[in-house]
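Structure, as structure tokens:
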Amino acid sequence: MNIIVPIKQVPDLVEELELDDSGKALNREWLKYKINEFDDHALEEALQLKDALGGTVTAMALGTDDIDKSLFTCAAKGADKLIKVTGDFDAAVASHVAAKAMANVIQGLEYDLILTGVQAADDRDGQIGVLLAHYLGVPHVSVVTGVNIDAGKALVNKEYSGGLMGEFEVDLPAVFGVQAARETPRYAPVSRVRQAMRNTELEEIAAGDCAVAVGSSVSRMFKPETGAGAEMLSGSGEEVAARIMNIIREKGIKV
Amino acid sequence: MSNDIFVVAEHIKGALEEVTFEMLGKGKDLAGNFDGNLVAVLLGSGARELAGELGAADKVICVEHAEVADFNPETHGQALAEVVKSNSPKVVLVANTSMGMDLAAGVSIEAGLPLVAYVTEMSADNGRLTVTSQLYGGKMNVESQFEGEQCVVSVMTGSFSADAGRAEGTPAIEDVTPSLGDPRVRFKRLIEPEAGDVDITQQEILVSVGRGIQNEDNIPMVQELAEALGGALSSSRPIVDNKWLPKTRQVGKSGVKVKPKLYLMVGISGAPEHIEGMKDAECIIAINTDENAPIFDHAHYGSTADLFDVVPALVEKLKG
Numbered sequence: 003m004n005i006i007v008p009i010k011q012v013p014d015l016v017e018e019l020e021l022d023d024s025g026k027a028l029n030r031e032w033l034k035y036k037i038n039e040f041d042d043h044a045l046e047e048a049l050q051l052k053d054a055l056g057g058t059v060t061a062m063a064l065g066t067d068d069i070d071k072s073l074f075t076c077a078a079k080g081a082d083k084l085i086k087v088t089g090d091f092d093a094a095v096a097s098h099v100a101a102k103a104m105a106n107v108i109q110g111l112e113y114d115l116i117l118t119g120v121q122a123a124d125d126r127d128g129q130i131g132v133l134l135a136h137y138l139g140v141p142h143v144s145v146v147t148g149v150n151i152d153a154g155k156a157l158v159n160k161e162y163s164g165g166l167m168g169e170f171e172v173d174l175p176a177v178f179g180v181q182a183a184r185e186t187p188r189y190a191p192v193s194r195v196r197q198a199m200r201n202t203e204l205e206e207i208a209a210g211d212c213a214v215a216v217g218s219s220v221s222r223m224f225k226p227e228t229g230a231g232a233e234m235l236s237g238s239g240e241e242v243a244a245r246i247m248n249i250i251r252e253k254g255i256k257v
Numbered sequence: 129m130s131n132d133i134f135v136v137a138e139h140i141k142g143a144l145e146e147v148t149f150e151m152l153g154k155g156k157d158l159a160g161n162f163d164g165n166l167v168a169v170l171l172g173s174g175a176r177e178l179a180g181e182l183g184a185a186d187k188v189i190c191v192e193h194a195e196v197a198d199f200n201p202e203t204h205g206q207a208l209a210e211v212v213k214s215n216s217p218k219v220v221l222v223a224n225t226s227m228g229m230d231l232a233a234g235v236s237i238e239a240g241l242p243l244v245a246y247v248t249e250m251s252a253d254n255g256r257l258t259v260t261s262q263l264y265g266g267k268m269n270v271e272s273q274f275e276g277e278q279c280v281v282s283v284m285t286g287s288f289s290a291d292a293g294r295a296e297g298t299p300a301i302e303d304v305t306p307s308l309g310d311p312r313v314r315f316k317r318l319i320e321p322e323a324g325d326v327d328i329t330q331q332e333i334l335v336s337v338g339r340g341i342q343n344e345d346n347i348p349m350v351q352e353l354a355e356a357l358g359g360a361l362s363s364s365r366p367i368v369d370n371k372w373l374p375k376t377r378q379v380g381k382s383g384v385k386v387k388p389k390l391y392l393m394v395g396i397s398g399a400p401e402h403i404e405g406m407k408d409a410e411c412i413i414a415i416n417t418d419e420n421a422p423i424f425d426h427a428h429y430g431s432t433a434d435l436f437d438v439v440p441a442l443v444e445k446l447k448g
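As you go down the protein sequences, you meet chains A and B in turn.
According to this note's numbering, the first sequence is numbered sequentially starting from 3.
According to this note's numbering, the second sequence is numbered sequentially starting from 129.
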């Protein structure tokens, strides 16, 4: 089972987001990035499948700034191969372009399965997995938890709302947008990442022609207007607890 | 190209989803702006029985085929692309849901139309559509404009009034039979959520825990708070993805919608997917150390105090 895991970096949302002077993009100068959390789940699911079935896991990303460390982190977690797709990409690359670039490279590779995060915090023009599947002409299922492989076919669960799931049988190769891996994504200590940087080859492959029409552009970016907003309770933990007790008593929720 | 607005009607287990009416309501506005018709696209065997609830639309396109009997990312995608290509509507509205995610990007590529996702607002001006997406976990709104005349928009649930899209009466029905080959994706069955756990939709008091709890060992602390309050413990998605709590406890888009009297949130930042599931709670109190967390726009009360200080103090007061 040869599995490709396309990953991307997204701004760390714990940090404050600021706009640049154009008002149409994030100020990325001080932005901290992290691997899209759903991609982490996709990688974990891929590594679990490799443990069970053998084969290889290839982590792949577009060569945006600072991506190398994220790829080496994948290797530290157990990915066998790393591919950086090179081209003229900025950090805000459109999903359509990213998917086309990935598809160009993947077309030259042997693979059975592509697992990627179901979504990312910045896919304005759509989720990568489904776009990628259409560019490759292979089937896809999004919002997948749990991938089982049997006799060259995959059996996957797709989450709907309210805990309801659909079960699908899918011919391989296929792309699945992973919502959650069967296990909590593993952690790679810094020492292992450093080791991976020394010992794992990072193959660079040119994206080729990925000039697809995105057909839309950002005209403005702004922080959501805060509604009425919360009444903030300040003070120590003890004081805040006392205020909360008063609120719930006043509302007759708990005497 | 027509000036019509197409709405992909989402339904499961024989019932239309709320978001279908939300899109019809907003779609009706847009159809008025663009001087076009509002058309609902209904895919699925037997789905035409639902057409009687789609009175807001001027027309319903019913796609019946054995291969679209139940939702299938591949066959539904192919059928929808065929309908869109042959009708060439101005705007295609798809829900940004589990099903919609499998459709919108495919229609975009197969029909060669631009797509903007996660949309919560739409406005038409001089024949052009401007849409606003909720991105970066609800921390940034991004306004987009389209270059061409046509587009696909995937709409966040809960963004528009469902009442505006509800109307009795069956519009004119056009039947379409798509040409579908042997599917590579085959629907097997629906799996119902496991019963037996606490039904959090029935609780008056919920303590809801998120990523800020840091690790599984801290779950009993919030469980104790929930019990002291006489309520139950619920959570945001990462807690369930990490298997720290069962799926039955998940509030939000892929979990359940709750409307308790008290929703006490600890360590939840308030991603749009979570807000969707709890915004109608009567009293929302959020504890989160990130002062910029979006949840403080939705909660009635908030505090940036450390949950590891507040929760034990609350338990002590409740037990004392």
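No residue lacks a Cβ here, since even glycine has one placed at the ideal position from N, Cα and C.
Q: Using a Cβ-Cβ cut-off of less than 9 Å, list which residues of the stretch 425-440 of chain B approach chain A; keep chain order.
A: Of all residues in the stretch 425-440 of chain B, 425, 426, 427, 428, 429, 430, 431, 432, 433, 434, 435, 436, 437, 438, 439 and 440 have a Cβ within less than 9 Å of some Cβ in chain A.
Q. Which of helix, strand or coil does DSSP assign to residue 186/B?
A. As a working note, residue 186/B is residue 58 in the second sequence. Looking at residue 186/B - three-state DSSP - the assignment turns out to be coil, as it is neither helix nor strand.
Q) chain B partners of residue 186/A, CB-CB under 8 Å? A) Counted from its first residue, the first sequence places residue 186/A at position 184. What residue 186/A touches in chain B: 369, 370 and 371.
Q. Going along chain A in order, which residues have a C-beta closer than 9 Å to the C-beta of residue 229/B?
A. The residue given as residue 229/B occupies position 101 in the second sequence. Neighbourhood of residue 229/B in chain A, by CB distance below 9 Å: 120, 121, 128, 129, 131, 132, 144, 145 and 179, in chain order.
(Q) Considering just the uninterrupted stretch of the beta strand (DSSP E) at residue 244/B, what are its terminal residues? (A) Position 116 of the second sequence, counting from 1, holds the residue named residue 244/B. Its beta strand (DSSP E) spans residues 243-253.
(Q) Distance check for residue 125/A and residue 336/B, CA to CA, integer angstroms please. (A) The residue labelled residue 336/B in the question sits at position 208 within the second sequence. The residue labelled residue 125/A in the question sits at position 123 within the first sequence. Residue 336/B and residue 125/A have their alpha carbons spaced roughly 28 Å apart.
Q | Best match in 363/B, 375/B, 379/B and 206/B for proximity to residue 167/A [C-alpha to C-alpha] | A | Along the first sequence, one-based indexing puts residue 167/A at 165. Selection 363/B, 375/B, 379/B and 206/B evaluated against residue 167/A yields 375/B as nearest (Cα-Cα).
Q) Quick one, are the C-beta atoms of residue 293/B and residue 162/B less than 8 Å apart? A) Position 165 of the second sequence, counted from the first residue, corresponds to residue 293/B. Position 34 of the second sequence, counted from the first residue, corresponds to residue 162/B. No; because the gap between Cβ atoms is not below 8 Å, this pair is not in contact.
Q. Is it true that the CB of residue 225/B sits closer than 8 Å to the CB of residue 138/B?
A. Mapped onto the second sequence, residue 138/B falls at position 10. Mapped onto the second sequence, residue 225/B falls at position 97. Cβ distance < 8 Å, so residue 138/B and residue 225/B count as in contact.
Q) Closer than 9 Å, Cβ to any Cβ of chain B: which residues of the stretch 211-226 of chain A, in chain order? A) For the stretch 211-226 of chain A, residues whose beta-carbon sits nearer than 9 Å to a beta-carbon of chain B comprise 214, 215, 216, 217, 218, 219, 220, 221, 222, 223, 224, 225 and 226.
(Q) Quick check: the Cα distance between residue 190/B and residue 212/B, rounded to an integer number of angstroms? (A) Your numbering for residue 190/B matches position 62 in the second sequence. Your numbering for residue 212/B matches position 84 in the second sequence. Looking at the two C-alpha atoms, the distance is approximately 13 Å.
Q: Whole angstroms is fine: what's the gap from residue 468/B's alpha carbon to residue 187/A's?
A: A question about residue 468/B goes unanswered here, because the residues of chain B that appear run from 129 up to 448.
Q. From residue 409/B to residue 386/B, what distance separates their C-alpha atoms?
A. Counting from one through the second sequence, the residue named residue 409/B turns up at place 281. Counting from one through the second sequence, the residue named residue 386/B turns up at place 258. So the two alpha carbons sit approximately 7 Å from each other.
Q.
Here's the rule I'm using: 16 or more other beta-carbon atoms within 10 Å means buried, otherwise exposed. How should residue 269/B be labelled?
A. Here residue 269/B is taken as the residue at index 141 of the second sequence, counted from 1. So residue 269/B counts as buried.
Q) Counting Cβ pairs, one atom from each stretch, are 3 or more of them under 8 Å apart for the stretch 287-305 of chain B and the stretch 229-246 of chain B? A) Because the criterion of three Cβ pairs below 8 Å is not met, the stretch 287-305 of chain B and the stretch 229-246 of chain B do not touch.
Q. Based on the DSSP secondary-structure assignment, which residues constitute the bridge partners of residue 208/B?
A. Here residue 208/B refers to the residue found at position 80 when the second sequence is read from its first residue. The partner list for residue 208/B (beta bridge, DSSP) is empty, contrary to what the question assumes.
Q) So is residue 64/A in contact with chain B if we call contact Cβ pairs under 8 Å? A) Translated into the one-based positions of the first sequence, residue 64/A becomes position 62. Cβ-Cβ to chain B under 8 Å: no for residue 64/A.
Q) Got a sec, what are the start and stop residues for the beta strand (DSSP E) residue 223/A sits in? A) In the first sequence, counting from the first residue as 1, residue 223/A sits at position 221. Per DSSP, residue 223/A belongs to the beta strand (DSSP E) from 218-224.
Q. Of all the residues that make up the stretch 237-253 of chain A, which are near chain B by a beta-carbon distance shorter than 9 Å?
A. Going along the stretch 237-253 of chain A in chain order, one finds 237, 238, 239, 240, 241, 242, 243, 244, 245, 246, 247, 249, 250 and 253 with a Cβ nearer than 9 Å to chain B.
Q) Using the C-alpha atoms, what's the distance from residue 250/A back to residue 257/A? A) Walking along the first sequence from the start, residue 257/A turns up at place 255. Walking along the first sequence from the start, residue 250/A turns up at place 248. In this prediction, residue 257/A has a pLDDT of 48, which is less than 50 and means its spatial position is unreliable; what the coordinates show is noted afterwards. Roughly 8 Å separates the two Cα atoms.
(Q) Which of the three DSSP states is assigned to residue 373/B in this structure? (A) To locate residue 373/B, count along the second sequence from 1; it is residue 245. It is coil, neither helix nor strand.
Q.
So, at 7 Å on beta carbons, what are the nonlocal neighbours of residue 72/A in its own chain, with the 5 sequence-adjacent residues on each side left out?
A. Sequence index remark: in the first sequence, residue 72/A carries index 70 (1-based). 9, 11, 37 and 63.
Q. DSSP on residue 28/A, reduced to helix/strand/coil?
A. Translated into positions along the first sequence, residue 28/A becomes position 26. In the displayed model, residue 28/A falls within a strand according to three-state DSSP.
Q | Nearest residue (CA-CA) to residue 319/B, options 152/A, 161/A, 3/A and 60/A | A | Numbered from 1 along the second sequence, position 191 holds the residue referred to as residue 319/B. Of the candidates 152/A, 161/A, 3/A and 60/A, 161/A places its Cα closest to the Cα of residue 319/B.
Q: Could you tell me the distance, in whole angstroms, from the CA atom of residue 317/B to the CA atom of residue 187/B?
A: Counting from 1 along the second sequence, the entry for residue 317/B is found at position 189. Counting from 1 along the second sequence, the entry for residue 187/B is found at position 59. Answer to the nearest angstrom: the Cα atoms are 31 Å apart.
Q) Straight-line CA distance for residue 250/B to residue 145/B? A) What you label residue 250/B is simply residue 122 of the second sequence in a count that begins at 1. What you label residue 145/B is simply residue 17 of the second sequence in a count that begins at 1. Using only the alpha carbons, I get a separation of about 20 Å.
Q. Over what stretch of residues does the alpha helix (DSSP H) that includes residue 197/A continue unbroken?
A. Counted from its first residue, the first sequence places residue 197/A at position 195. Here the alpha helix (DSSP H) through residue 197/A covers 192-201.
Q) Which value, in whole angstroms, describes the spacing of the CA atoms of residue 195/B and residue 103/A? A) Position 67 of the second sequence, counted from the first residue, corresponds to residue 195/B. Position 101 of the first sequence, counted from the first residue, corresponds to residue 103/A. Residue 195/B and residue 103/A have their C-alpha atoms some 32 Å from each other.
Q | Residues bridged to residue 177/A [DSSP beta-bridge criterion] | A | As a first step, residue 177/A must be located in the first sequence, where it is residue number 175. Beta-bridge partners of residue 177/A (DSSP): 116/A and 142/A.
Q.
Which same chain residues end up closer than 6 Å to residue 289/B when comparing Cβ atoms and leaving out the 5 residues on each side of it in sequence?
A. Counted from its first residue, the second sequence places residue 289/B at position 161. Cβ within range, chain order: 153.
Q) Is it a yes or a no for the stretch 179-195 of chain A touching the stretch 110-127 of chain A, going by three-plus beta-carbon pairs under 8 Å? A) As far as the Cβ criterion goes, the stretch 179-195 of chain A touches the stretch 110-127 of chain A, which means the pair count is three or higher.
Q: Consult DSSP for residue 257/A and reduce its assignment to one of helix, strand or coil.
A: For the purposes of this step, residue 257/A is taken as residue 255 along the first sequence, with counting starting at 1. With a pLDDT of only 48 at residue 257/A, under the threshold of 50, the placement of this residue in the model should not be trusted, and no figure is reported.
Q: Please report how far the alpha carbon of residue 70/A lies from the alpha carbon of residue 206/A, in whole angstroms.
A: Position 68 of the first sequence, counting from 1, holds the residue named residue 70/A. Position 204 of the first sequence, counting from 1, holds the residue named residue 206/A. Each residue's alpha carbon lies about 11 Å from the other.
Q. Within 8 Å (strictly less), CB to CB, does residue 160/A reach chain B?
A. Here residue 160/A corresponds to residue number 158 of the first sequence, with the count starting at 1. It does: the Cβ of residue 160/A has a partner Cβ on chain B nearer than 8 Å.
Q.
Along the stretch 265-294 of chain B, where does the CB come closer than 8 Å to a CB of chain A? Name the residues.
A. For the stretch 265-294 of chain B, which is checked against every Cβ of chain A, the residues closer than 8 Å are 265, 266, 267, 268, 269, 270, 271, 272, 273, 274, 275, 276, 279 and 282.
Q: With 7 Å as the C-beta to C-beta threshold (strictly closer), list the residues of the stretch 402-419 of chain B near chain A in chain order.
A: Listed by position along the chain: 411, 413, 414 and 418.
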